[in-house]
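Asker: Here the working numbering is used: position 31 in the sequence shown is 31, and no number is missing along the way. The beta carbon of each residue, even a glycine, is placed where N, CA and C say it ideally should be. There's a structure below that I have some questions on.
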Amino acid sequence: MADLAKQIVETWAIHNRVMLLTLEHIPDAALSATLSTRGGRDIARQFAHIHMVRVWRLGSFSKKQEVALIEFDKGETPGREKLQAALQQSGELMARYLAFCAGEKEGAVSNFKRGVVPMLGYYISHESHHRGSILLTMKQSGFKLPDELKWKIWEWNKI
């Protein structure tokens, strides 16, 4: 794998570790917190949504890799353990998919005409949007953000 392909995969791996770190530092009581007054996603369901968007992208690739991805039912509020397992699994498979697209496919991605780097940017942007929403929901619901979480998510050279 070329140097750029390795950087693409490593960028995704760092991002996924940030997502797992975020989940790890959220108190159990906060997983059901929501700011929605009309049935919007609570924190656990936001993490489930992140995973399910990955599942959508990885569907045919996971079959070729013979990986049965964890799935959540619509409206399901999963527990921490299932969320951790799901994000770990889809994060690892996404890394393999990015390596495949950057290497064998020479940057091409099915159903993402601009290629592997813009797709990586899209997924990191999407998930970071939800991470921000999760942290804001925690704060506005009265949960204190642990200092380690507040600062460590920015230490990409150490994560």
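Can you tell which of Phe47, Val53, Ala68 and Asp3 has its C-alpha closest to the C-alpha of Pro78?
Answerer: The shortest Cα separation from Pro78 among Phe47, Val53, Ala68 and Asp3 belongs to Phe47.
Asker: Of all the alpha helix (DSSP H) runs that stay within the bounds of the region 1-53, which reach a length of 4 or more residues?
Answerer: With a minimum length of 4 residues, the continuous alpha helix (DSSP H) runs that stay inside the region 1-53 are 3-24.
Asker: Quick check on the DSSP output: the alpha helix (DSSP H) that includes Val67 runs from which residue to which?
Answerer: Segment: none, Val67 is in no alpha helix (DSSP H) and carries neither H nor E.
Asker: Is it buried or exposed, Gln89, if we count other Cβ atoms within 10 angstroms and call 16 or more buried?
Answerer: Buried.
Asker: Tell me the rounded alpha-carbon separation between Phe143 and Ala108.
Answerer: Straight-line Cα distance between these residues: approximately 43 angstroms.
Asker: What whole-angstrom Cβ distance do Ile8 and Leu120 have, given they're in contact under 8 angstroms?
Answerer: About 6 angstroms; that satisfies the 8 angstroms criterion.
Asker: Measure the alpha-carbon distance for Leu98 versus Tyr123 and round it to whole angstroms.
Answerer: If you take the alpha carbons of Leu98 and Tyr123, they lie about 11 angstroms apart.
Asker: Helix, strand or coil: how does DSSP classify Ile124 here?
Answerer: Helix.
Asker: Suppose the cutoff is 6 angstroms on Cβ atoms and the five residues either side in sequence are ignored; what does the same chain contact list for Arg17 look like?
Answerer: If we look at Arg17 and ignore the five residues flanking it on each side, its Cβ neighbours are Ile159.
Asker: Quick one, which of Gln140, Gly132, Lys105 and Gly39 has its alpha-carbon nearest Gly22's?
Answerer: Per the sequence presented here, residue 22 reads as Thr, with Gly not at that position. Out of Gln140, Gly132, Lys105 and Gly39, Gly132 has the C-alpha closest to the C-alpha of Thr22.
Asker: If you run the structure through DSSP and keep just helix, strand and coil, what is Glu81?
Answerer: Residue state, collapsed to three classes: helix.
Asker: Could you tell me the boundaries of the alpha helix (DSSP H) in which Trp151 lies?
Answerer: Segment Asp147 to Lys152, the alpha helix (DSSP H) holding Trp151.
Asker: With Ala5 and Thr137 assumed to form a contact (beta carbons below 8 angstroms), what rounded beta-carbon distance in angstroms separates them?
Answerer: Not a contact, Cβ separation roughly 36 angstroms.
Asker: Using the beta-carbon count (16 or more within 10 Å), is Gly91 buried or exposed?
Answerer: Buried is the call here.
Asker: So, are the CB atoms of Glu76 and Arg38 less than 9 angstroms apart?
Answerer: Against a cut-off of 9 angstroms, the Cβ pair of Arg38 and Glu76 comes out as no contact.
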